[in-house]
Amino acid sequence: MKTNRIIILIAALLAPVVAGAVTLSLEKTIELANDSSLIAFRYRNMYQASYWQYVSYRAGRLPSLSLNLTPATYNRYMTQRYDSEQNIDIFREQQMFSAAGSLQVSQNFDFLGGTFYLETGLEYMRNFGENRYTQFSSVPVRFGYRQNLIGYNAFKWERKIEPLRYEKAKKELVYNMEGVSEQAVTYFFDLALAQAEFRLAQDNVESCDTMYVIGQRRHKIASISSADLLTLELDKVNARNTLENSRIALKRAMFSLASFLGMDKNTEIEIEMPEKPDAGDIPADLALSLAKANSPTLLGHRQTILEDKRELSRAKTEALFNASVNASVGFNQVADKFADAYRNPLRQDIVSLQVTFPLVDWGVRKGKVNMALNNLNVSTLAAKQDELQVEEDILMTLSDYSVRQRLITSASEAMRLADLAYEQTMQRFLIGKADLNSITLSLNRKQEASKNYISALRNFWQSHFKIRKLTLYDFSTGRSLCDEIENKLRIEN
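Now the structure itself:
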């Protein structure tokens, strides 16, 4: 699939150089838009940022290895010392060089919210001055555990929020790419309409030229008045002006589509009109359930509500007191020589408990609790409001979708009838059985019917891709768009 898209893109980019023109169908236009447009590139990069954030979260659940080094520390200062001979305190110069290093393996424990760690370390100290000496202090191995005791478990909340954040990012990517398809449909049919108007303007010029020549002949035999002949001449001039205006509009529409697709701005694009779609009805209940389950907006609200609940939990626990514990068991030894620092290590046990009680904070912690609670209420109400909006959007779009299917059929029939009526009216005009007003009115109806058919196709395909965007589901194939993008992202990453 990816290879095919690259081939299509290369063919589209090279075609202006080789043949001077590119023929684009609606399907190929959408494919190019999703592969090479700047906005699609922006959306993919936005997703990549979320992807690497999720990768970092997953990596945080695995053991980590870290090396902490203090390669050199030099101190030269005056320090207070007690002189036992004189029974007084005196200041003495002190010089010291030290270095330290440790290697630590740590593993977060999500259930309790703490961290287990296993480490080994070595310190070196060298004193200068009157009493010179060297010491090594080693910790061959130490095993410990540390965590907060106030009830707030940051790891537990991460397990709830981060997968949801990543799920929202994936569905947001699909949602945005379907939005790109919607834009591609708009640009495609803008050019289709401009090309149709240009061709109609060309036909109009030919018809006006033909009618003016016939009018001149009839004026010579007094079959039409001078005023009618002047009207035919005016129609001829107006037709040429309309042709030039439609030529400008065609160039502008072609430039816009080429720019959107990332193609050369001077590319000549020929539109291949899509066939009349053969689409069935979409079950409203299924579409509504898919829209609620896949909406990035509603997923974003779920994420925000979880984050607000997390902040409320943090504020409530911190309003009571802060407490943390750090306990470890290991070995330690000090010696003048490096090798002796690892001989006969002594047992080392460390237990540290730190507690902080708020006595007077003038309502700061209570204010944080109330603020977190208010934020949660606001997020909950916003989620309910947007859920109603999603329901309204999908139901209205389904209604438009059904109507626009029927309008294509009626627009196609109207175009057929308008073409037939124009041909018959022109034949009658040529033999003098139809007047000027009849042929003008018939031509206008033909042009209007052609434009209406293109507009009906545009409206249908816009509704089609809007439904895909709202539900993230392809009802024509019965497949989830999220599953398709999941497989593609798995290959790319």
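Number 668 marks the last residue of the sequence shown (my numbering); no jumps. Just so you know, even glycine gets a beta-carbon here, dropped at the ideal spot from N, CA and C. Just so it is clear, the structure is predicted and the values come from calculations on it, not from any experiment.
Neighbour-count burial assignment, A186, 16 or more Cβ in a 10 Å radius
As a position in the sequence shown, residue 186 is number 11, starting the count at 1. Unreliable positioning characterises A186 in this predicted model, as indicated by a pLDDT of 44, which lies under 50. The coordinate reading is nonetheless provided below. It is exposed - the Cβ of A186 has fewer than 16 other Cβ atoms within 10 Å.
Quick one: any contact between the region 379 to 397 and the region 449 to 460, if contact means 3 or more CB pairs under 8 Å?
With a cut-off of 8 Å, the region 449 to 460 and the region 379 to 397 do not count as touching, because too few Cβ pairs lie within range.
Spatial neighbours of D258 in its chain, beta-carbon cut-off 8 Å, leaving aside the 5 residues before and after:
Position 83 of the sequence shown holds residue 258. So the list reads D264 and I265, once near-sequence residues are dropped.
With H, G and I counted as helix, E and B as strand and the rest as coil, what does DSSP make of I144?
Past the edges of the chain, shown from 176 to 668, lies residue 144, and the structure says nothing about it.
Determine the burial state of F216: buried for a count of at least 16 other Cβ atoms within 10 Å of its Cβ, exposed for fewer.
What you label residue 216 is simply residue 41 of the sequence shown in a count that begins at 1. Flag for F216 reads exposed.
Can you tell me where the alpha helix (DSSP H) holding T361 begins and where it ends?
Walking along the sequence shown from the start, residue 361 turns up at place 186. It spans A329 to K395 - the alpha helix (DSSP H) in which T361 sits, taken as one unbroken run.
With DSSP run on the structure shown, which of helix, strand or coil describes S617?
Here residue 617 refers to the residue found at position 442 of the sequence shown. In the structure shown, S617 adopts helical secondary structure according to DSSP, grouped into three states.
The region 567 to 586 / the region 500 to 508 touching (three or more Cβ pairs under 8 Å)
Here the region 567 to 586 does not lie against the region 500 to 508, with fewer than 3 beta-carbon pairs under 8 Å apart.
Helix, strand or coil for F640? Go by DSSP, reduced to three states.
Counting from 1 along the sequence shown, the entry for residue 640 is found at position 465. The answer is helix: DSSP assigns F640 an H, G or I state.
Kindly confirm or deny that the region 279 to 293 and the region 470 to 487 touch, where touching means at least three C-beta pairs closer than 8 Å.
With fewer than three CB-CB distances shorter than 8 Å, the region 279 to 293 does not count as touching the region 470 to 487.
Determine the direct distance from the alpha carbon of K203 to that of I183, and round the result to whole angstroms.
By one-based count along the sequence shown, residue 183 stands at place 8. By one-based count along the sequence shown, residue 203 stands at place 28. For I183, the pLDDT reaches just 42, beneath the cut-off of 50, and the residue's location in the model is therefore unreliable, leaving the point undetermined.
Rounded to the nearest angstrom, how far is the Cβ of R321 from that of G289, given a contact under 8 Å?
One-based indexing of the sequence shown puts residue 321 at position 146. One-based indexing of the sequence shown puts residue 289 at position 114. Indeed, because the Cβ distance is near 6 Å, the residues count as touching under 8 Å.
Minimum C-alpha distance to I480 - residue among I525, K559 and S241:
Numbered from 1 along the sequence shown, position 305 holds the residue referred to as residue 480. Nearest to I480 by alpha-carbon distance, out of I525, K559 and S241, is K559.
Mapping the DSSP letters down to three states, classify D264 as helix, strand or coil.
As a first step, residue 264 is located in the sequence shown; it is residue number 89 there, counting from the start. The three-state reading of DSSP puts D264 in strand, counting E and B together.
Neighbour-count burial assignment, P525, 16 or more Cβ in a 10 Å radius:
Translated into positions along the sequence shown, residue 525 becomes position 350. Going by the sequence as given, residue 525 is Ile instead of Pro. I525 should be labelled exposed.
Anticipated Cβ contact below 8 Å, A468 with L573, distance rounded
Locating residue 468 in the sequence shown gives position 293, counting from the first residue. Locating residue 573 in the sequence shown gives position 398, counting from the first residue. Their Cβ separation, rounded to whole angstroms, is 16 Å, which puts A468 and L573 out of contact at 8 Å.
Does the Cβ of D210 have 16 or more other Cβ atoms within 10 Å, making it buried, or fewer, making it exposed?
Reading the sequence shown from its first residue, position 35 is the one you call residue 210. Buried, by the Cβ-count rule.
Starting from A274, follow its DSSP beta bridges and name the residues at the other end.
Mapped onto the sequence shown, residue 274 falls at position 99. Beta-bridge pairing by DSSP links A274 to Y299.
Cross-strand partners of S312 (DSSP beta bridge)
Position 137 of the sequence shown holds residue 312. Partner(s): E298 and V509.
Which residues does DSSP list as the beta-bridge partners of V280?
Taking the sequence shown and counting its residues from 1, one reaches residue 280 at position 105. Looking at the DSSP output, V280 sits in a beta bridge with L240 and L293.
Residue from N262, R256, S613 and F303 whose Cα sits closest to the Cα of M271:
As a first step, residue 271 is located in the sequence shown; it is residue number 96 there, counting from the start. Measuring from the Cα of M271, the nearest candidate turns out to be F303.
Taking C-alpha atoms, which residue in R256, A275, Q261 and I423 lies nearest to L244?
Walking along the sequence shown from the start, residue 244 turns up at place 69. When R256, A275, Q261 and I423 are compared, the shortest CA-CA separation from L244 is found for A275.
Out of L242, G354 and P315, which one is the CA nearest neighbour of F513?
Here residue 513 refers to the residue found at position 338 of the sequence shown. For F513, the nearest C-alpha among the options comes from P315.
Start-to-end residues for the beta strand (DSSP E) that takes in E445:
Walking along the sequence shown from the start, residue 445 turns up at place 270. For E445, the uninterrupted beta strand (DSSP E) run begins and ends at I444 to E447, by DSSP.
Cutoff 6 Å; reference F650; Cβ partners in own chain excluding five residues on either side
The count along the sequence shown starts at 1 and reaches residue 650 at position 475. Same-chain partners within the cutoff: I457.
Spell out a yes or no on whether the region 483 to 500 and the region 598 to 618 are touching, meaning 3 or more CB-CB pairs, one atom from each, closer than 8 Å.
A contact between stretches requires three or more CB pairs, one per stretch, nearer than 8 Å, and the region 483 to 500 fails this requirement with the region 598 to 618.
Pick out whichever of E337, L375 and L405 has its Cα sitting closest to the Cα of T417.
Sequence index remark: in the sequence shown, residue 417 carries index 242 (1-based). The shortest C-alpha separation from T417 is found at L375.
Assign E353 to one of two classes, buried (16 or more other C-beta atoms within 10 Å of its C-beta) or exposed (fewer than that).
Counting from 1 along the sequence shown, the entry for residue 353 is found at position 178. E353 should be labelled buried.
Considering R138, what are the terminal residues of the alpha helix (DSSP H) in which it resides?
Residue 138 lies beyond the residue range present for the chain, which begins at 176 and ends at 668; the question has no answer from this structure.
Would you list the one or two residues that DSSP bridges to G319?
Mapped onto the sequence shown, residue 319 falls at position 144. Its beta-bridge partners are Y292 and S503.
Comparing C-alpha positions only, which one of A516, W636 and F373 sits nearest to E419?
Residue 419 sits at position 244 when you count from the first residue of the sequence shown. Cα-wise, what sits closest to E419 is F373.
Close-in-space but distant-in-sequence residues of the same chain around D658 (CB under 8 Å, 5 per side omitted):
The count along the sequence shown starts at 1 and reaches residue 658 at position 483. Residues of the same chain with their beta carbon placed closer than 8 Å to that of D658 are lacking, with the five preceding and five following residues left out of the count.
Start and end residues, alpha helix (DSSP H) containing R217:
For this step, residue 217 is matched to residue 42 along the sequence shown. Taken as a continuous stretch (DSSP letters only), the alpha helix (DSSP H) holding R217 covers L213 to G235.
Exposure of S527, with buried meaning 16 or more beta-carbon neighbours within 10 Å:
The residue you call residue 527 lines up with position 352 of the sequence shown. It is exposed - the Cβ of S527 has fewer than 16 other Cβ atoms within 10 Å.
Which full runs of the beta strand (DSSP E) of 3+ residues lie inside the region 509 to 592, going along the chain?
Runs of the beta strand (DSSP E) inside the region 509 to 592: 521 to 531.
How about A359 and I205: do their beta carbons lie closer than 8 Å?
Start at 1 with the first residue of the sequence shown, and residue 359 comes out as number 184. Start at 1 with the first residue of the sequence shown, and residue 205 comes out as number 30. Going by C-beta atoms, A359 is nearer than 8 Å to I205.
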